[in-house]
Amino acid sequence: MDPTFLNRNVNQGFSGGEKKRNEILQLAVLESEMSILDEIDSGLDIDALRDVAGAVNGLKREDTAVLMVTHYKRLLDYIRPEYVHIMEAGRITQTGGMDLVDQLEAGGYATLTASA
């Protein structure tokens with residue numbers, strides 16, 4: 001191993017996708033019961049998104065929980081959530097399934113507010 005790695009910050013010099021993959025690796029090593037992934041899809045190209053989604057799916061077990069925050073449906077094409085929560089002003093305003101995501105994609109937040 002290159003000795004300069006000893007004094008280097010974690011993820012220094014990594015691309016966005018490499019950083020996300022490393023974060024998922026850390027979660028796998030820690031074997032945490034609860035993982036919070038805040039915008040894990042941010043800045044990823046489609047190949048990196050598939051890789052990261054596959055790794056997240058690999059973390060899912062009966063005895064674990066994964067909370068993901070995302071602003072875009074494309075992540076949910078690869079990771080199918082059990083529950084979808086819509087937040088507004090820091091509060092969960094609706095809970096459901098992928099139907100909420102589809103409604104949001106089709107008409108924006110105004111359609112969700114009108115149906116709440």
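Residue numbering for the sequence shown follows full-length UniProt numbering, starting at 1 and increasing by one per position. We treat Cβ as the ideally placed atom computed from N, Cα and C, and that holds for glycine. On a predicted model such as this, the values are computed, not experimentally measured, just so you know.
Leaving out five residues before and five after residue 63 in sequence, what residues of the same chain have Cβ atoms less than 8 Å from its Cβ?
Take residue 63, set aside five residues on each side of it, and the residues of its chain with a beta-carbon closer than 8 Å to its own are 33, in chain order.
If we call anything under 8 Å between Cβ atoms a contact, is residue 86 one with residue 100?
Against a cut-off of 8 Å, the Cβ pair of residue 100 and residue 86 comes out as a contact.
From residue 2 to residue 8, what does the alpha carbon distance come to, in whole angstroms?
C-alpha of residue 2 to C-alpha of residue 8: approximately 11 Å in a straight line.
Meets three-Cβ-pair contact criterion under 8 Å: the stretch 87 to 94 and the stretch 44 to 62:
No: the two stretches stay apart, fewer than three of their Cβ pairs being nearer than 8 Å.
Can you tell me which of the three DSSP states residue 95 falls into?
Looking at residue 95 - three-state DSSP - the assignment turns out to be strand.
Just confirm the distance between the C-beta atoms of residue 76 and residue 98, as a whole number of angstroms; I'd bet it's less than 8 Å.
Distance from residue 76 to residue 98 at the Cβ level is roughly 7 Å; contact confirmed, criterion being Cβ atoms closer than 8 Å.
Please classify residue 48: does DSSP put it in a helix, a strand, or coil?
Helix.
Candidates 18, 12, 37 and 31, of which the one nearest residue 69 by Cα:
Nearest neighbour of residue 69 by Cα position, chosen from 18, 12, 37 and 31, turns out to be 37.
Pull up the distance between the alpha-carbon of residue 28 and that of residue 108, whole angstroms please.
Near 35 Å, if we compare the C-alpha coordinates of residue 108 and residue 28.
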